[in-house]
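Written out below as structure tokens is the structure these notes cover.
Number of protein chains: 2
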Amino acid sequence: MTKEGLQSDTTRDRVLSTSAGLFCQHGYAGVSMRKIAESCDMKAGSLYYHFSSKDQILTEVLNMGIEKVHAAVAAALRESSVDVSASDRFRHAIAGHLHALLEYSSFTSANVRIFRQVPPSVQHSTLEVRRRYEALWDGFLGDLKSQGQLRNDVDIRSFRLMLIGALNATLEWFDPELGDITELANRYADMLANGIFAERCT
Amino acid sequence: MTKEGLQSDTTRDRVLSTSAGLFCQHGYAGVSMRKIAESCDMKAGSLYYHFSSKDQILTEVLNMGIEKVHAAVAAALRESSVDVSASDRFRHAIAGHLHALLEYSSFTSANVRIFRQVPPSVQHSTLEVRRRYEALWDGFLGDLKSQGQLRNDVDIRSFRLMLIGALNATLEWFDPELGDITELANRYADMLANGIFAERCT
DNA sequence: GTCTATACCGGGATAGAC
DNA sequence: GTCTATCCCGGTATAGAC
Chain A
36 MTKEGLQSDT TRDRVLSTSA GLFCQHGYAG VSMRKIAESC DMKAGSLYYH FSSKDQILTE
96 VLNMGIEKVH AAVAAALRES SVDVSASDRF RHAIAGHLHA LLEYSSFTSA NVRIFRQVPP
156 SVQHSTLEVR RRYEALWDGF LGDLKSQGQL RNDVDIRSFR LMLIGALNAT LEWFDPELGD
216 ITELANRYAD MLANGIFAER CT
Chain B
36 MTKEGLQSDT TRDRVLSTSA GLFCQHGYAG VSMRKIAESC DMKAGSLYYH FSSKDQILTE
96 VLNMGIEKVH AAVAAALRES SVDVSASDRF RHAIAGHLHA LLEYSSFTSA NVRIFRQVPP
156 SVQHSTLEVR RRYEALWDGF LGDLKSQGQL RNDVDIRSFR LMLIGALNAT LEWFDPELGD
216 ITELANRYAD MLANGIFAER CT
């Protein structure tokens, strides 16, 4: 890799990270190439040396967000596969999601907040990455169920949708500077695994 | 109320309902007064007879969304206060939220999707309505807890945030044309009240 | 690799005719 | 109550100098 290649990469990365923050704060249409450039101490025209369009920047931002979370959950499951109880693996997977979600929040909350308002072509180019992440959870939850760890009447897809929805919503109120993410994960895992009622009921 | 007053109200309502759909689909900045007008078979200038600005339209849309959900949950709690088990009241409250959320989805998903990307002045003017809704849930959950219906180690604010996050996320995938909202509510209420694990664990 | 300059389009809001 | 016309600003993207 050449020197020019490396330098180009770091400028690219700075643009992507800055854009992510702007997209999640102002929405797709609320972010202009001029504003992205200004936040990077550049001029708008220069961005087109690195990216062919605003939509290309957006696509890369969205995919990076999902990939960060996917990698964190996959690692959590890999590192706790033997000699670990089902509830601990569940807890670790949730902690992986929340840590990546809240620590790369510019990239991840761009996904959560603006996915439905970006052009269909951009939505389409992130679908595969999204499906792979859903499949990771469905696989894990399916394993738990076939081991008899889950109640038989729990539908895995419904639960996965509820779980990811609940976790992603923490972006709207949790501040990693003020609270402990691991503790948050433990609370959520406990409520989701055991429920909140004193007595289980039908 | 005069005839003119009534006619003005229906035009206002048409504009609000159309705008809600556009805002939740395209985001705050992605919706122009010209597009709102076009979707209402009007011209942009005419909108300013009914509203003083784009932000005023947005503010009314956001508040209407929360108020619809608030009213539905309040009604569900009112109608099931006597002779109804705690888990049934819980179920009914969740059903109230989901029914209003998904049936007035233009107004409600404008809230869920774009609240963080609207101008701070608009955010501010919806805060009171949002707080009142949170207080409704905190009151109900606090009652359940003081009656001993909830586990002692469950934190009400954490659970309320998790609950509302999980419910609101259904906007992103549930289609009321294809599925039964009451059944969805029952599934969610069951998973949240009882947990998903076969055996409760620490 | 970044700049300036520019083409072309569309934004919110207002004024005043009808 | 709705229209047209207009003001002024800012959008994406390109061309070509440096």
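Quick note, the sequences are listed as chains A and B, same order. Going letter by letter, the first sequence gives residues 36 to 237 in my numbering. Going letter by letter, the second sequence gives residues 36 to 237 in my numbering. We put the CB at the ideal spot given by N, CA and C, even for glycine.
Taking Cβ-Cβ distances below 7 Å as the criterion, which residues of the segment 128-160 of chain B are in contact with chain A?
-> Interface annotation for the segment 128-160 of chain B against chain A: 148, 149, 151, 152, criterion Cβ-Cβ distance under 7 Å.
Contact belief for residue 93 (chain B) with residue 216 (chain B) at Cβ below 8 Å, rounded distance in angstroms | About 27 Å separates the two Cβ atoms, so there is no contact after all.
Option nearest residue 186 (chain B) by Cα separation, candidates B:230, B:90, B:101 | Closest option to residue 186 (chain B), Cα to Cα, is B:230.
In this structure, does DSSP put residue 209 (chain B) in helix, strand or coil?
-> Here residue 209 (chain B) sits in coil by DSSP.
Residue 90 (chain A): first and last residue of the uninterrupted alpha helix (DSSP H) it sits in = Unbroken alpha helix (DSSP H) run through residue 90 (chain A): 89-114.
Residue interval of the alpha helix (DSSP H) (run including residue 131 (chain A)) = From DSSP, the alpha helix (DSSP H) with residue 131 (chain A) extends over 121-138.
Check whether the Cβ atoms of residue 305 (chain B) and residue 134 (chain B) lie closer than 7 Å to each other.
-> Nothing about residue 305 (chain B) can be read from this structure; chain B reaches only from 36 to 237.
Are the segment 203-211 of chain B and the segment 51-58 of chain B touching by the rule of at least three beta carbon pairs closer than 8 Å?
-> No: the two stretches stay apart, fewer than three of their Cβ pairs being nearer than 8 Å.
Measure how close the beta-carbons of residue 154 (chain A) and residue 90 (chain A) come, nearest whole angstrom, since I'm counting them as under 8 Å.
-> Indeed they touch by this definition, with Cβ atoms about 6 Å apart.
Contacts around residue 46 (chain B), its chain only, beta-carbon distance under 6 Å, and the 5 residues preceding and following it disregarded = Within the same chain, residue 46 (chain B) has no close Cβ partners at all.
Tell me the DSSP bridge mates of residue 86 (chain A)?
-> Looking at the DSSP assignment, residue 86 (chain A) forms no beta bridge with any residue, so it has no partner.
Return the residue from the list A:203, A:72, A:166, A:161 that minimises the CA-CA distance to residue 15 (chain A).
-> An answer regarding residue 15 (chain A) cannot be provided, because it is not within the stretch 36 to 237 covered by chain A.
Contact list for residue 126 (chain B) against chain A, beta-carbon separation under 8 Å = Those do not exist, as residue 126 (chain B) stays about 10 Å from chain A at its closest Cβ, beyond 8 Å.
CB contact below 7 Å: residue 64 (chain B) versus chain A | Yes, residue 64 (chain B) counts as interfacial toward chain A.
Closer than 8 Å by beta-carbon distance: list the chain A residues that pair up with residue 236 (chain B), in chain order.
-> Ordered by position in chain A, the residues that pass the 8 Å Cβ test against residue 236 (chain B) are 120, 122, 228, 229.
Neighbour flag for residue 200 (chain B) against chain A, beta carbons, 7 Å | Residue-level contact by beta carbon holds for residue 200 (chain B) and chain A, with a gap shorter than 7 Å.
Which runs of the alpha helix (DSSP H), 4 residues or longer, sit entirely within the segment 151-230 of chain A?
-> Runs of the alpha helix (DSSP H) lying entirely within the segment 151-230 of chain A and spanning at least 4 residues, in chain order: 155-181, 191-203, 216-229.
Following the continuous alpha helix (DSSP H) through residue 234 (chain A), name the residue where it begins and the one where it ends.
-> For residue 234 (chain A), no alpha helix (DSSP H) segment is defined, and its DSSP state is neither H nor E.
Alpha-carbon to alpha-carbon, residue 126 (chain A) and residue 57 (chain A) | Each residue's Cα considered, the two are about 32 Å apart.
Under a Cβ-count criterion, where at least 16 other Cβ atoms within 10 Å of its own Cβ denotes burial, should residue 161 (chain A) be classed as buried or exposed?
-> Counting Cβ neighbours within 10 Å, residue 161 (chain A) comes out buried, since at least 16 surround it.
Could you tell me whether the Cβ atoms of residue 77 (chain B) and residue 142 (chain B) are closer together than 7 Å?
-> Result no, Cβ atoms of residue 77 (chain B) and residue 142 (chain B) do not sit closer than 7 Å.
Given that a residue counts as buried once 16 or more other Cβ atoms are within 10 Å of its Cβ, and exposed if not, what is residue 182 (chain B)?
-> Burial call: exposed.
Candidates A:87, A:176, A:150, of which the one nearest residue 206 (chain B) by Cα = Here the closest residue by C-alpha is A:150.
Under 7 Å between C-beta atoms, does residue 233 (chain A) make it to chain B?
-> Chain B contact via Cβ: present.
Residues within the segment 182-194 of chain A neighbouring chain B, beta-carbon criterion of under 9 Å | Hits within the stretch, in order: 183, 184, 185, 186, 187, 188, 189, 190, 193, 194.
Chain B contact residues for residue 223 (chain A), given Cβ-Cβ distances below 7 Å = Identification of chain B residues near residue 223 (chain A) by a Cβ-Cβ cut-off of 7 Å yields 197, ordered along the chain.
Drop a sphere of 10 angstroms on the beta-carbon of residue 174 (chain B), count the other beta-carbons inside from all chains shown, and report buried for 16 or more, exposed for fewer.
-> So residue 174 (chain B) ends up on the exposed side.
Please work out which residues of its chain come closer than 7 Å, Cβ to Cβ, to residue 227 (chain A), disregarding the five sequence neighbours upstream and downstream, and give them in chain order.
-> Cβ neighbours of residue 227 (chain A) beyond the five flanking positions: 198.
What three-state label does DSSP hand residue 118 (chain A) in the structure shown?
-> Here residue 118 (chain A) sits in coil by DSSP.
Quick one: grab the DSSP three-state call for residue 59 (chain A).
-> Annotated three-state conformation of residue 59 (chain A) is helix, per DSSP.
Short CB-CB distance (under 7 Å) between residue 79 (chain B) and chain A | No, residue 79 (chain B) does not count as interfacial toward chain A.
In this structure, does DSSP put residue 64 (chain A) in helix, strand or coil?
-> The answer is coil: DSSP assigns residue 64 (chain A) none of H, G, I, E or B.
Roughly how many angstroms separate the alpha carbons of residue 79 (chain A) and residue 59 (chain A), rounded to a whole number?
-> Cα to Cα, residue 79 (chain A) sits roughly 20 Å from residue 59 (chain A).
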